[in-house]
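Have a look at the structure below, then the notes.
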Amino acid sequence: MSTEASAQTARPSFLSAILRNPLAGVFIALLAIFVISCLISPYFLTSYNMSVIARGLAFVGIMTIAQSALMILGELDLSLGTIGGLSGVISGMLMVQAGVDPWISIVLALVLGLLLGLLNGFLVTALGLHSLVLTIGMAGVYGGAILVLTKGVAITGIPASIHFLGRGDAFGVPVPFIVMVVVLLIALFLTLKTPMGRYMYAIGNNAAAARMLGIRVNRIRLMIFALAGMLSALAGVLMVARLGTAQPSIGQAWVLAPIAAAVIGGVATTGGVGSPLGGIFGAAIIAIIENIIVLFGVSPYWQGVVSGVIVVLAISFDALSRRYIRRDSH
Amino acid sequence: MKRLAMLLAGAALALPLAAGAQDAPGTAKKDSYRFLIVPKVVHPWFDKVNDGAQMAAVALEAQTGAKIEIVYSAPQTADVVQQVQIVESAISTRPDGIAIDLLDPEGNRASLEAAQSQDIPLVLFDSVPPEGMAIPFIGSDFCEQAKIASRRLVEVLGGEGEVAIMMGVPTAPNHSIRAECHREVFAEHPGIKVVAEGIDNDSIEIAQQQAAAIMQANPNLKGWVASDAAGPIGIGQAIIEAGKQDQVTLVGLDNLPEMLEMIRSGVADSSSASQPELQGYWSVMLLWQQATGAPVPQFLDTGNAFLTKENVGE
Numbered sequence: 015m016s017t018e019a020s021a022q023t024a025r026p027s028f029l030s031a032i033l034r035n036p037l038a039g040v041f042i043a044l045l046a047i048f049v050i051s052c053l054i055s056p057y058f059l060t061s062y063n064m065s066v067i068a069r070g071l072a073f074v075g076i077m078t079i080a081q082s083a084l085m086i087l088g089e090l091d092l093s094l095g096t097i098g099g100l101s102g103v104i105s106g107m108l109m110v111q112a113g114v115d116p117w118i119s120i121v122l123a124l125v126l127g128l129l130l131g132l133l134n135g136f137l138v139t140a141l142g143l144h145s146l147v148l149t150i151g152m153a154g155v156y157g158g159a160i161l162v163l164t165k166g167v168a169i170t171g172i173p174a175s176i177h178f179l180g181r182g183d184a185f186g187v188p189v190p191f192i193v194m195v196v197v198l199l200i201a202l203f204l205t206l207k208t209p210m211g212r213y214m215y216a217i218g219n220n221a222a223a224a225r226m227l228g229i230r231v232n233r234i235r236l237m238i239f240a241l242a243g244m245l246s247a248l249a250g251v252l253m254v255a256r257l258g259t260a261q262p263s264i265g266q267a268w269v270l271a272p273i274a275a276a277v278i279g280g281v282a283t284t285g286g287v288g289s290p291l292g293g294i295f296g297a298a299i300i301a302i303i304e305n306i307i308v309l310f311g312v313s314p315y316w317q318g319v320v321s322g323v324i325v326v327l328a329i330s331f332d333a334l335s336r337r338y339i340r341r342d343s344h
Numbered sequence: 005m006k007r008l009a010m011l012l013a014g015a016a017l018a019l020p021l022a023a024g025a026q027d028a029p030g031t032a033k034k035d036s037y038r039f040l041i042v043p044k045v046v047h048p049w050f051d052k053v054n055d056g057a058q059m060a061a062v063a064l065e066a067q068t069g070a071k072i073e074i075v076y077s078a079p080q081t082a083d084v085v086q087q088v089q090i091v092e093s094a095i096s097t098r099p100d101g102i103a104i105d106l107l108d109p110e111g112n113r114a115s116l117e118a119a120q121s122q123d124i125p126l127v128l129f130d131s132v133p134p135e136g137m138a139i140p141f142i143g144s145d146f147c148e149q150a151k152i153a154s155r156r157l158v159e160v161l162g163g164e165g166e167v168a169i170m171m172g173v174p175t176a177p178n179h180s181i182r183a184e185c186h187r188e189v190f191a192e193h194p195g196i197k198v199v200a201e202g203i204d205n206d207s208i209e210i211a212q213q214q215a216a217a218i219m220q221a222n223p224n225l226k227g228w229v230a231s232d233a234a235g236p237i238g239i240g241q242a243i244i245e246a247g248k249q250d251q252v253t254l255v256g257l258d259n260l261p262e263m264l265e266m267i268r269s270g271v272a273d274s275s276s277a278s279q280p281e282l283q284g285y286w287s288v289m290l291l292w293q294q295a296t297g298a299p300v301p302q303f304l305d306t307g308n309a310f311l312t313k314e315n316v317g318e
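Residue numbers (our numbering), protein chains in the order written: chain Z, 15 to 344; chain D, 5 to 318.
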């Protein structure tokens, strides 16, 4: 009898421990959207469709990890999409027009992304500019550079040897998705298990206080801007491999979606709060909504309304569950 | 007994005939069909394609008794990544056919191959297949459509003057073909000088901004041609804003309501129009024929119409 009683008391505390996790709300919202999608569409839970969603999620997911890291720091980079596009286009030009080995071209594109991110970080730290304002301008510069280089025309003839990076599967799992998971694991390790991660949250919460504690705020900012630039380039290169062409339009859809995904996933735009994993949950919610809208044959004129309503519902659900959890824990 | 023997003999003779009829091209039957239409972007021109597709569905339902469903799924922006995502998601629903207007043949290749590998009939409208892929396609002769417009502009200008070309979405094959054919016509006339080319990405707003800027930079500009349906509408608005209706000649493209209104009001001289309703109609017809196992033509020309104040109607 006493064992039973202790089990009964232990069970709610275990559940509330899980629910108290800040990611619980967004995860439950994701789970709910997944289950509802399974119920309303017979096509949703097929292996092909899962692979379609996973492949689509991978690119926005990588961008979301990059943007989440910056947002934890209290920064935003609106030029990440165009960094991805420009790096992708330049990798394509190197491979096709300059005859550079595809793998070397990819490495050079990643280095370019890193340097462009570093440049953004340098301008933010050295000039003391607000990252949001500065990167709106830089997005124009990088986006303009794409048009100057391509004249708006896609670069075709990307070597087939790298197509598997975007189109391929390993054990039925799309390669870009595997890349995203690896990036996520590294990002989680960096943010949760290293001093740098702690410094990022400290800077995001209060940069002045962090500086007084001896944290090299500008150095961390530069590093995160550079890494975010490199991740954007990675997404751009993977997209080039997926399409088999270097499209000038690559990255255009990666401006607001990663920020929305991060916010849905509980990453605060004010800094110091959230995790890249939450961002990925948010990105997964968006990816499923985009998929189910097509499966369900929603009129294109209603798609914006429908996806907007679902996102608002998901955020509301997250907020309500947090309130419930707080009340429960008191 | 004799009657039974005759019945059996008759049945034996009829069986191969029936089997033959079952196997004959175009004889496979279903009670319902679901066809997907995936345009380049949400756009009034594609609404006309959808109207044509719905018309074909009604006709097929009336003639065959089968239920025909048309699902219209358009990218919110003219972005090949978004279009690929829509086509791949659409494949998951195992439709009886997909009609697509490709934003970029190479960029769309993987999703088209995925559809073919799952035996889903395909039709391309207003665009051409990627190199080496055998997919039936429907449309007007894009080059001829453009040449009708540029020749008309040359004629109105008397073979002399500065002109500009609006290129639409440069990665879209039909737009780039039209732009190239405009250039070819102008190159044949030494008195015509192409002083500017704009990119509007199939957006009226961008076309207006581009046209306004180009006219500012080239005060002697005498004429415009476009390579997409949104382009001439934006150019026309820019001409009105600049008050240059009497100085700049616009020969438009396609037959959107705004384009027709500009011809009526004299802002545009004329328009060389493809016929989107016909493209939607025949897209569904060719998908249905493929679904029944019938052989279909590799290319179906829906023709162009030349619209002027005289024939555009009220």
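Cβ atoms here follow ideal geometry from the backbone N, Cα and C, with glycine treated the same way.
Mind pulling the chain D residues with CB within less than 7 Å of residue i?
{"i": "Z/GLY70", "result": "GLN89"}
{"i": "Z/ARG337", "result": "Those do not exist, as Z/ARG337 stays about 33 Å from chain D at its closest Cβ, beyond 7 Å."}
{"i": "Z/GLY99", "result": "Residues of chain D passing the Cβ test: none, with the nearest at roughly 10 Å."}
{"i": "Z/ARG230", "result": "The contacting residues do not exist; Z/ARG230 stays about 38 Å from chain D at best."}
{"i": "Z/VAL66", "result": "GLU92, SER93 and SER96"}
Residues of chain D with CB under 9 Å from residue i, in chain order?
{"i": "Z/TYR62", "result": "GLU92, ILE95, SER96, ALA118 and GLN122"}
{"i": "Z/LEU257", "result": "VAL84, VAL85, VAL88, ASP108, GLU110, GLY111, ASN112, ARG113 and ALA114"}
{"i": "Z/SER93", "result": "Per Cβ cutoff of 9 Å: no residues; Z/SER93 is ~18 Å from chain D at best."}
{"i": "Z/LYS168", "result": "With the sequence shown as reference, residue 168 of chain Z is identified as Ala, and Lys is not the correct amino acid for it. Within 9 Å Cβ-Cβ: VAL84, ASP108, GLU110, GLY111, PRO174 and THR175."}
Could you tell me the alpha carbon to alpha carbon distance between residue i and residue j, rounded to whole angstroms?
{"i": "Z/VAL196", "j": "D/ARG187", "result": "49 Å"}
{"i": "D/VAL62", "j": "D/ALA191", "result": "46 Å"}
{"i": "Z/MET107", "j": "D/ASN178", "result": "24 Å"}
{"i": "D/ALA230", "j": "D/SER144", "result": "16 Å"}
{"i": "D/ALA25", "j": "D/PRO299", "result": "In this prediction, D/ALA25 has a pLDDT of 48, which is less than 50 and means its spatial position is unreliable; nothing more can be read from the coordinates."}
{"i": "D/TRP49", "j": "D/PRO236", "result": "13 Å"}
{"i": "Z/ILE306", "j": "Z/PHE331", "result": "19 Å"}
{"i": "Z/GLY258", "j": "Z/GLY171", "result": "7 Å"}
{"i": "Z/ILE300", "j": "D/SER276", "result": "41 Å"}
{"i": "Z/GLY166", "j": "D/GLN87", "result": "18 Å"}
{"i": "D/ILE196", "j": "D/SER269", "result": "26 Å"}
{"i": "Z/PHE136", "j": "Z/LEU92", "result": "15 Å"}
{"i": "D/PRO133", "j": "Z/VAL231", "result": "53 Å"}
{"i": "Z/VAL326", "j": "D/MET171", "result": "38 Å"}
{"i": "D/VAL2", "j": "D/ARG98", "result": "For chain D, the structure presents residues 5 to 318; residue 2 of chain D sits outside this window and is missing."}
Helix, strand or coil, according to DSSP, for residue i in the structure here?
{"i": "D/ALA25", "result": "Note on D/ALA25: pLDDT 48, under 50, position unreliable in the model; the coordinate value appears next. Helix at D/ALA25."}
{"i": "D/GLY297", "result": "coil"}
{"i": "D/ASP204", "result": "coil"}
{"i": "Z/LEU128", "result": "helix"}
{"i": "D/LEU106", "result": "coil"}
{"i": "D/ALA168", "result": "strand"}
{"i": "Z/VAL287", "result": "coil"}
{"i": "D/GLY227", "result": "strand"}
{"i": "Z/ILE192", "result": "helix"}
{"i": "Z/VAL114", "result": "coil"}
{"i": "D/LYS52", "result": "helix"}
{"i": "Z/GLY88", "result": "coil"}
{"i": "D/GLY143", "result": "strand"}
{"i": "D/THR312", "result": "strand"}
{"i": "Z/LEU227", "result": "coil"}
Using a C-beta to C-beta distance shorter than 9 Å, which residues of chain Z count as neighbours of residue i?
{"i": "D/TYR76", "result": "GLY311, SER313 and PRO314"}
Is residue i near the ligand MG, judged by its Cβ being under 7 Å from some heavy atom?
{"i": "D/ALA233", "result": "The ligand MG is not part of the structure shown, which contains no ligands of any sort."}
Cβ closer than 8 Å: which chain A residues qualify as neighbours of residue i?
{"i": "Z/GLY318", "result": "The structure shown contains no chain A; its protein chains are Z and D."}
How would you list, in chain order, the residues of chain D whose beta-carbon sits under 8 Å from the beta-carbon of residue i?
{"i": "Z/TYR57", "result": "SER96, THR97 and ARG98"}
{"i": "Z/VAL110", "result": "Ordered by position in chain D, no residue passes the 8 Å Cβ test against Z/VAL110, which lies about 11 Å from the chain."}
**Message:** For the pair the stretch 114 to 121 of chain Z and the stretch 311 to 323 of chain Z, tell me if three or more CB-CB distances fall below 8 Å.
**Reply:** Contact check between the stretch 114 to 121 of chain Z and the stretch 311 to 323 of chain Z: fewer than three CB pairs, one atom from each, fall below 8 Å, which does not count as touching.
**Asked** On the three-pair Cβ rule with 8 Å, is the stretch 58 to 74 of chain Z touching the stretch 296 to 306 of chain Z?
**Response** Short answer: they touch.
**Prompt:** Residues in the stretch 191 to 211 of chain D with C-beta within 9 Å of chain Z's C-beta atoms, listed in sequence order?
**Reply:** Correct list: ILE203 and ASN205.
**Asked** Residues in the stretch 290 to 304 of chain D with C-beta within 9 Å of chain Z's C-beta atoms, listed in sequence order?
**Response** So nothing in the stretch comes that close.
**Request:** Compile a chain-ordered list of the residues in the stretch 27 to 47 of chain D whose CB is closer than 7 Å to at least one CB of chain Z.
**Result:** Those would be VAL46, in chain order.
**Request:** Check distances from the C-beta atoms of the stretch 49 to 72 of chain D to those of chain Z and list, in chain order, the residues that come in under 8 Å.
**Result:** For the stretch 49 to 72 of chain D, which is checked against every Cβ of chain Z, not one residue is closer than 8 Å.
**Request:** Give, in chain order, every residue of the stretch 247 to 272 of chain Z whose Cβ lies closer than 8 Å to some Cβ of chain D.
**Result:** Under the 8 Å Cβ criterion, the stretch 247 to 272 of chain Z contributes MET253, ARG256, LEU257, GLY258, THR259, GLN261, PRO262, SER263, ILE264, GLN266 and ALA267.
**Item:** Selection of the stretch 162 to 195 of chain Z by Cβ proximity to chain D, strictly under 9 Å
**Value:** The residues in question are THR164, LYS165, GLY166, VAL167, ALA168, THR170, GLY171, ILE172, HIS177, GLY180 and ARG181.
**Request:** Decide yes or no for the touch test of the stretch 270 to 286 of chain Z against the stretch 38 to 48 of chain Z: beta carbon pairs closer than 8 Å, at least 3 of them.
**Result:** Touching, yes.
**Prompt:** Counting pairs of beta carbons, one from the stretch 242 to 249 of chain Z and one from the stretch 126 to 143 of chain Z, are three or more of them closer than 8 Å?
**Reply:** The stretch 242 to 249 of chain Z is in contact with the stretch 126 to 143 of chain Z.
**Message:** Any C-beta of chain D within less than 8 Å: which residues of the stretch 284 to 308 of chain Z qualify?
**Reply:** Answer in chain order: GLU304, ASN305 and VAL308.
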